[in-house]
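J.: Below are the structure tokens for one structure; questions will follow.
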Ligand SMILES: C[S@@+](CC[C@H](N)C(=O)[O-])C[C@H]1O[C@@H](n2cnc3c(N)ncnc32)[C@H](O)[C@@H]1O
């Protein structure tokens, strides 16, 4: 593994195994073996549990990391990942056109990277899942997107993660009465304050 790859991964994984635990819990809860991760930076953790993952990021350090195929495969194998992982990386702005098939992936990942759901849902198959955290307003964006239905919440508890699919009507309830609209979310680019605060949400693409 190249020193830069090791350095970038060590920083990404400073809460050791945190994303491994997150994606393991998600993989157990969804029916997917392919994932698309726009705004991934160097978070290779989905490849520990999903057979085929396409990563997209615009940051200049990301091609250095993903270009070290042997190093990336070493990290995956150190985390009990698939023997022959299928890792693809696109160095691009995900708000533009991505050369990817429509309705293809089983999981779309949106973590701290803006309105991924708004720009990349076309690549998620109907019946597939969106993992999205509230940061940057993307969970709120998915909540008003008619293509999605809330199907679970990811609860973080002392560094462990579990997916809960019960009492979902108690989630995504704003603390203050407010209109959640695309325009308002674009304007603030911030999370809506909800009465309950899971780490992330799982939505199913229904249309
Ligand atoms: C705060 S980091 C989060 C990284 C990763 N998702 C995580 O949770 O560890 C946000 C990443 O999204 C990327 N990003 C933001 N907007 C983007 C865009 N429009 N196209 C591609 N990448 C983008 C940034 O380059 C950065 O690497």
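Residue numbers (the numbering used here): 0 to 206. Each residue gets a CB set at the ideal place from its N, CA and C atoms; glycine is no exception. Note that the coordinates shown come from a computational prediction; the quantities given were computed from them, not determined experimentally.
1. From residue 30 to residue 105, what distance separates their C-alpha atoms?
2. How many angstroms separate the CA atom of residue 10 from the CA atom of residue 60?
3. Quick one: which unbroken alpha helix (DSSP H) runs of 4-plus residues sit fully inside the segment 68–115? Chain order, please.
4. Quick one: does the C-beta of residue 74 sit closer than 7 Å to a heavy atom of ligand 1?
5. When the Cα of residue 83 is compared with those of 108, 48 and 139, which residue comes out closest?
6. Could you say if the segment 97–114 and the segment 64–84 meet the contact criterion of at least three C-beta pairs nearer than 8 Å?
7. May I ask which residues mark the beginning and end of the beta strand (DSSP E) holding residue 156?
8. Could you tell me which of 109, 150, 28 and 87 sits nearest to residue 131, measuring between CA atoms?
9. What does DSSP give as the partner residue(s) for residue 51 in the beta ladder?
10. Tell me whether the segment 164–174 and the segment 113–121 touch, counting them as touching only if at least three CB pairs, one residue from each stretch, are closer than 8 Å.
11. Any heavy atom of ligand 1 closer than 7 Å to the CB of residue 127?
T.: According to the data block:
1. Mapped onto the chain shown, residue 30 falls at position 31. Mapped onto the chain shown, residue 105 falls at position 106. Using only the alpha carbons, I get a separation of about 7 Å.
2. Walking along the chain shown from the start, residue 10 turns up at place 11. Walking along the chain shown from the start, residue 60 turns up at place 61. One C-alpha to the other measures close to 13 Å.
3. 68–77
4. Translated into the one-based positions of the chain shown, residue 74 becomes position 75. Not a single heavy atom of ligand 1 lies less than 7 Å from the C-beta of residue 74.
5. Against the chain shown, residue 83 aligns to sequence position 84. It is 48.
6. no
7. Locating residue 156 in the chain shown gives position 157, where the first residue counts as 1. Looking at the DSSP string, the run of the beta strand (DSSP E) that includes residue 156 is 147–156.
8. Here residue 131 corresponds to residue number 132 of the chain shown, with the count starting at 1. Looking at the Cα atoms, 109 is the closest of the given residues.
9. Looking up residue 51 in the chain shown gives position 52. The partner list for residue 51 (beta bridge, DSSP) reads 33 and 85.
10. no
11. By 1-based counting over the chain shown, the position of residue 127 is 128. No, Cβ of residue 127 sits at least 7 Å from all heavy atoms of ligand 1.
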